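Residue numbers (my numbering), protein chains in the order written: chain A, -7 to 277; chain B, -10 to 297; chain C, 0 to 357.
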């Protein structure tokens, strides 16, 4: 394999470059747009020669958007806050609930466990609206529509199965003898769980938590159906932006950049866990 | 020693009940979650058998399978089926080919290849709805950079998602941008986990590379390919975010895939019965597909665990 | 009062019965070796005693108390696992310290306790290492140290020498008896190596088919195996056997083996006519000027002993094991005469495999 000709090497490099351009260009271009005024954005031909401005970002952060039609109040920071709150709380709750359950599925072979695992597995690919539409009617009756609690609750549909599947695989890889040894040494079940099982499954818990966070952050349809403007995360909020009349394109671009930065940064920072989680989630489960 | 031992004996009884109940207590949240899924699911099935329009509450009534029967003669329904299947087929095939190609390019674990594969994660980490917005900005008729680039090769007035003829192409492109890296990562992991021996033997024997690829690499990679494909297929046939954010199902009825149609039926036409029936049909399709899928998946999972 | 008592213990997994009524009593300080082939459930027995698995029926008593409802952490048991089961995220010292910390010992007590067992097991120099940095021998010693650290009244050792190399196994076999005696604990030691069992045990309990087929001192097990199965398990090379019947006539009691008559003790007269299996240990086959004629088919020197494969004119093949220091060792192809020493000769019922005493 190592005696590839230099022509082949060249072709490979060209191909990889093209691939990288296709997949990275949109992010770079939108970032560049976010640093421009409407005037420079609307230039034909488009050019990367411009004086970068941060007005778009400051406008978003202060919530005062100057448009052609005057000043517009758009509280994008509220969307950002909602995204952070919903994602962080959902993942935290999912970890608290899901890690012990994943442990139960991995360690104890019991009928109910098998049934739950099977149900969750078979609904893992069910269409979201199948559950969401009836749920939206129930939420109205229960007064949960447009509440953080209600949203965090339904976000468990995204996070919990993910955590169950990935973490369960990691628990299964821990030798039960290690846990037995710790118990026999004089420790209670709970101590063994917290001092042995959890630390040893930590990479899996980190990977699952990370993926769950990203999935929660990127979710669109749950909040679209169950939340109004003041509780919507950035994914839904940014969409409303586009339709707001007279808005500056640079501001939309800046909103997109702000919205995708957390997940992209997390992905780059913890890519090892992420790749492991993705392939575990898909392959190892 | 014996004295110390006897003294240590402070029998702390643990209740047998607690011991037996432990697995059930631990899995209680998961159980509640199941119930939380199953109740709306059965409600949806029930709704799908109702004549239920929220704007005409008086008409509400149980009509058995009439909603489903109506679909047979409903061209809108068949349009939905056609669009959904086309979308799923196109995205999966294109993403698979492209993802496999990229995985093969990046197969050798060099520093550059590793950095490239990490950078390729970024589109996958972008919320699909936001990705659609990004492409909307890039394909804008007034200032879209892609529209401009097309004029350089002599294509003028390319309308992307707002033209019925190119709308499908546009959303498929966005889908490819977001999800090709997913297939790439899985196949890359698969490629790198293949045993070395067959390849070394083939290289020694001077076997042509196309033969190596089709007779060794591809068959050994097949479980990964099948897993990645089914994963994507199940997702793609239910795509909502990209299409809704891009065109809300338009122009016209061009992109009314299952979930978008059900969403519009529910919230715009307020036809709960029809919306629920659509979702139940989509669920049946995905359920059948996922059964095939889960079998494959468990096989692969077993293998992955065995390799540990 | 025995320190550890097991009474008609049963354990099944679904329809599969692992134990079908085990009983055993061990006194304080006694070393009992649980011996059996693989798959006989030796490890499961230790787990049941430790409390990490529940028996299907029967009673386990520690220090005279039924421990059915007592959690593993309160049973006062120490256990060393075959796969070591060290905590990978803790240093060797912390591994050893766990039983001491679990009872809330003061820091200086913990330190002293760890130092004591570490010195005993000669691992003081690797205490700061993580388990993955230890050799197999050091892992095994760390696991033993951890089991011993809290001076448990019952020590369960699950084939601790299984995963260490031959040299180390040899050293430990010499070292362990002293160590275990010193601990003063009642020891249940699982192994499937009969030499280890013989070297360590006060008593050996032989496990087969869900039951203890024999429970006796090493000497008794070897000299008076209760069944053909036990006789086969103890001894290397294993016991020679021949199907035969006991004949009693005017000339005495004997059995036909390999085409010749082997005289038996007169006490076997009452069993005349019975179909039996005649067994003789290779080390009890004596070569001399009289006895069964046989041809030497092969000679295999094994360190201290040399094993000969012999064949009688009737075609019966059997092994003889001679000290390698013996004055003359016949060559392959030569003809010899073999006789069987009474001490290594056993008669088993052909149907039940049970030992028949005259």
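Just so it is clear, CB atoms sit at the ideal spot from N, CA and C, and this is done for glycine as well. No experiment lies behind these values; they were computed from the predicted model shown.
- Message: Cutting at 7 Å between CB atoms, please list the residues of its own chain near residue 304/B, excluding the five before and the five after it.
- Response: In the structure as shown, chain B starts at -10 and stops at 297, and residue 304/B therefore has no counterpart that could be examined.
- Would the beta-carbon of residue 57/B fall within 8 Å of that of residue 266/B? As a first step, residue 57/B is located in the second chain; it is residue number 68 there, counting from the start. As a first step, residue 266/B is located in the second chain; it is residue number 277 there, counting from the start. Closer than 8 Å, so yes.
- Message: Taking the beta carbon of residue 264/A as the centre, do at least 16 other beta carbons fall within 10 Å, making it buried, or is it exposed?
- Response: Translated into the one-based positions of the first chain, residue 264/A becomes position 272. By the 10 Å Cβ count, residue 264/A comes out exposed.
- Item | Cross-chain neighbours of residue 99/A in chain C, by beta carbon under 8 Å | As a working mapping, residue 99/A is identified with position 107 in the first chain. By Cβ distance, chain C contributes nothing, its closest Cβ being about 11 Å from residue 99/A, past 8 Å.
- Item | Opposing strand residues paired with residue 253/C [DSSP bridges] | Within the third chain, the letter at position 254 stands for residue 253/C. Checking the DSSP bridge columns, you'll see residue 253/C partnered with 246/C, 262/C.
- Message: Can you look up residue 188/C in the DSSP assignment and give me helix, strand or coil?
- Response: As a first step, residue 188/C must be located in the third chain, where it is residue number 189. Three-state DSSP puts residue 188/C in a strand.
- How many angstroms separate the CA atom of residue 116/B from the CA atom of residue 209/A? As a first step, residue 116/B must be located in the second chain, where it is residue number 127. As a first step, residue 209/A must be located in the first chain, where it is residue number 217. Approximately 8 Å, taken between the alpha carbons.
- Three or more C-beta pairs closer than 8 Å, one from the stretch 201 to 214 of chain C and one from the stretch 49 to 69 of chain C: is that the case here? Counting Cβ pairs under 8 Å, fewer than three are found: no touch.
- Quick one: does residue 10/C have its CB under 8 Å from some CB of chain A? Taking the third chain and counting its residues from 1, the one referred to as residue 10/C is at position 11. Not one chain A Cβ lies under 8 Å of residue 10/C.
- Query: The beta strand (DSSP E) with residue 180/C in it runs from where to where?
  - Reply: Stepping through the third chain from its first residue, residue 180/C is reached at position 181. First-last for residue 180/C: 165 to 182, but that is the alpha helix (DSSP H), not the beta strand (DSSP E).
- residue 160/B vs residue 235/B beta-carbon contact at 8 Å: Counting from one through the second chain, the residue named residue 160/B turns up at place 171. Counting from one through the second chain, the residue named residue 235/B turns up at place 246. Yes, these two residues count as a Cβ contact at 8 Å.
- Tell me, please, whether the stretch 221 to 241 of chain C touches the stretch 256 to 276 of chain C by the rule of three or more beta-carbon pairs shorter than 8 Å. Touching, yes, given that three or more Cβ pairs across the two stretches are closer than 8 Å.
- Give a yes or no on whether the minimum CB-CB distance between residue 222/C and chain A is below 8 Å. To locate residue 222/C, count along the third chain from 1; it is residue 223. So, not an interface residue.
- From the DSSP output, in three-state form, read off residue 55/B for me. The residue labelled residue 55/B in the question sits at position 66 within the second chain. Secondary structure of residue 55/B (DSSP, three-state): helix.
- residue 65/C, buried or exposed, once every other Cβ within 10 Å from all chains shown has been counted against 16: For the purposes of this step, residue 65/C is identified with residue 66 of the third chain, where counting begins at 1. So residue 65/C ends up on the exposed side.
- Query: Any beta-carbon of chain A closer than 8 Å to the one on residue 82/C?
  - Reply: Locating residue 82/C in the third chain gives position 83, counting from the first residue. Residue contact check for residue 82/C against chain A: a CB pair falls below 8 Å.
- Since residue 342/C sits in a beta bridge, which residues does DSSP pair it with? The count along the third chain starts at 1 and reaches residue 342/C at position 343. BP columns for residue 342/C are empty, so no partner.
- Other residues of its chain near residue 33/B: CB distance less than 7 Å, five sequence neighbours each side excluded: Within the second chain, numbered from 1, the residue matching residue 33/B stands at position 44. Only 265, 268, 269 meet the Cβ criterion.
- Query: Got a sec, what are the start and stop residues for the beta strand (DSSP E) residue 127/B sits in?
  - Reply: Residue 127/B sits at position 138 when you count from the first residue of the second chain. For residue 127/B, there is no enclosing beta strand (DSSP E); the residue is found in the alpha helix (DSSP H) stretching over 117 to 127.
- Within this structure, are the beta carbons of residue 251/A and residue 138/A separated by less than 8 Å? As a working note, residue 251/A is residue 259 in the first chain. As a working note, residue 138/A is residue 146 in the first chain. For residue 251/A and residue 138/A, no; Cβs fall outside 8 Å.
- Message: Can you tell me whether residue 233/B is buried or exposed? The criterion is at least 16 other CB atoms within 10 Å of its CB, across all chains shown.
- Response: Residue mapping note: residue 233/B aligns to position 244 of the second chain, counting from 1. When all chains shown are included, residue 233/B counts as buried.
- Can you give the Cα-Cα distance for residue 255/A and residue 206/A, rounded to whole angstroms? Within the first chain, the letter at position 263 stands for residue 255/A. Within the first chain, the letter at position 214 stands for residue 206/A. One Cα belongs to residue 255/A, the other to residue 206/A, and the distance between them is close to 6 Å.
- Task: Could you tell me whether the Cβ atoms of residue 213/A and residue 78/A are closer together than 8 Å?
- Result: Here the question's residue 213/A lines up with position 221 in the first chain. Here the question's residue 78/A lines up with position 86 in the first chain. For residue 213/A and residue 78/A, no; Cβs fall outside 8 Å.
- Task: Give every residue of the same chain whose Cβ lies closer than 6 Å to the Cβ of residue 353/C, excluding the five residues on either side of it in the sequence, and list them in chain order.
- Result: Reading the third chain from its first residue, position 354 is the one you call residue 353/C. Excluding positions up to five away in sequence, the list reads 226.
- Query: Residue range of the alpha helix (DSSP H) that residue 86/B falls in?
  - Reply: Locating residue 86/B in the second chain gives position 97, where the first residue counts as 1. Per DSSP, residue 86/B is one residue of the alpha helix (DSSP H) stretching across 64 to 94.
- What three-state label does DSSP hand residue 38/B in the structure shown? Here residue 38/B refers to the residue found at position 49 of the second chain. Three-state DSSP puts residue 38/B in coil, outside helix and strand.
- Query: Is residue 212/C helix, strand or coil by DSSP?
  - Reply: Looking up residue 212/C in the third chain gives position 213. Correct three-state label for residue 212/C: strand.
- Exposed unless 16 or more other CB atoms sit within 10 angstroms - verdict on residue 315/C: As a position in the third chain, residue 315/C is number 316, starting the count at 1. Classification of residue 315/C: buried, given that the 10 Å Cβ count is 16 or more.
- Query: Over what stretch of residues does the beta strand (DSSP E) that includes residue 144/B continue unbroken?
  - Reply: What you label residue 144/B is simply residue 155 of the second chain in a count that begins at 1. Segment: none, residue 144/B is in no beta strand (DSSP E) and carries neither H nor E.
- Query: Using 8 Å as the limit for Cβ to Cβ distance, is residue 317/C near chain A?
  - Reply: Against the third chain, residue 317/C aligns to sequence position 318. False, the Cβ-Cβ gap to chain A never drops below 8 Å.
- Task: Determine, using beta carbons only, whether residue 197/A and residue 91/A come nearer to each other than 8 Å.
- Result: Sequence index remark: in the first chain, residue 197/A carries index 205 (1-based). Sequence index remark: in the first chain, residue 91/A carries index 99 (1-based). Their beta carbons are under 8 Å apart, which means residue 197/A touches residue 91/A by this criterion.
- Task: Within its chain, find whatever has a CB closer than 8 Å to the CB of residue 86/C; leave out the 5 residues flanking it on each side and keep chain order.
- Result: Looking up residue 86/C in the third chain gives position 87. Around residue 86/C, the same chain offers 93, 94, 97, 130 as residues with beta carbons nearer than 8 Å, after the five sequence neighbours per side are excluded.
- Put residue 27/A into one of helix, strand or coil per three-state DSSP. Counted from its first residue, the first chain places residue 27/A at position 35. If DSSP states are grouped into helix, strand and coil, residue 27/A belongs with coil.
- Query: Rounded to whole angstroms, how far is the Cβ of residue 282/B from the Cβ of residue 207/B, which I believe are closer than 8 Å?
  - Reply: For the purposes of this step, residue 282/B is taken as the residue at position 293 of the second chain. For the purposes of this step, residue 207/B is taken as the residue at position 218 of the second chain. For a cut-off of 8 Å, the C-beta gap from residue 282/B to residue 207/B is around 20 Å, too long to register as a contact.
- For the beta strand (DSSP E) that residue 7/C lies in, which residues bound it at each end? By one-based count along the third chain, residue 7/C stands at place 8. For residue 7/C, the enclosing beta strand (DSSP E) begins and ends at 3 to 12.
- Message: Taking only three categories from DSSP, how would you classify residue 16/C?
- Response: What you label residue 16/C is simply residue 17 of the third chain in a count that begins at 1. Three-state DSSP puts residue 16/C in a strand.
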